[in-house]
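In this note's numbering, the protein residues as written are 1 to 110. We put the CB at the ideal spot given by N, CA and C, even for glycine. Input: a single structure, listed below in structure tokens.
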Amino acid sequence: MTDVISALKQKIENFKQQVKVEKVGTVISIGDGTAKVAGLMDVMASEMLRFPGDTMGVALNLEQDAIGVILLGEYEHIKEGDKVYGTGKILSVPVGNALVSRVVNPLGSD
1 MTDVISALKQ KIENFKQQVK VEKVGTVISI GDGTAKVAGL MDVMASEMLR
51 FPGDTMGVAL NLEQDAIGVI LLGEYEHIKE GDKVYGTGKI LSVPVGNALV
101 SRVVNPLGSD
């Protein structure tokens, strides 16, 4: 019995709590390159949102109960009820000499 107690005490002492906080919402409607998302109440204007299939979107219309999002990329696989994750990053495209005369997508990649 003391072996069990000492083993439990050791496990409790070595326990490290790991918390991962994510901003998660749900797609409530999807249309021609746009989506309406609920549940992401602390999203910033122009924040990048990650949809299933690594499709990115930009939060534009911040309403009280939903967010209007423009989708950047393929969106045919996204459906109502899918999870959407806030990234905490504002839309930005890096620029410089390396970008001159190159064709890039809205996210700045080839």
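Tell me whether Met48 is buried or exposed, calling it buried when 16 or more other Cβ atoms sit within 10 Å of its Cβ. Here residue 48 refers to the residue found at position 48 when the sequence shown is read from its first residue. So Met48 counts as buried.
According to the Cβ coordinates, are Leu60 and Ile70 closer than 7 Å? Residue mapping note: residue 60 aligns to position 60 of the sequence shown, counting from 1. Residue mapping note: residue 70 aligns to position 70 of the sequence shown, counting from 1. The answer is yes: Cβ separation under 7 Å.
Rounded Cβ spacing between Ser46 and Ile78 (contact assumed at less than 8 Å): Numbered from 1 along the sequence shown, position 46 holds the residue referred to as residue 46. Numbered from 1 along the sequence shown, position 78 holds the residue referred to as residue 78. Contact flag wrong, Cβ pair sits at about 20 Å.
If you follow the beta strand (DSSP E) that Asn61 is part of, which residue opens it and which one closes it? Mapped onto the sequence shown, residue 61 falls at position 61. Asn61: member of the beta strand (DSSP E) spanning Thr55 to Leu62, first to last residue.
What are the partner residues of Lys83, as DSSP defines its beta bridges? Position 83 of the sequence shown, counting from 1, holds the residue named residue 83. Note: Lys83 sits in a beta bridge opposite Thr26.
Coarse secondary structure for Leu8, derived from DSSP in three states: Translated into the one-based positions of the sequence shown, residue 8 becomes position 8. In the three-state scheme derived from DSSP, where H, G and I count as helix and E and B as strand, Leu8 is classed as helix.
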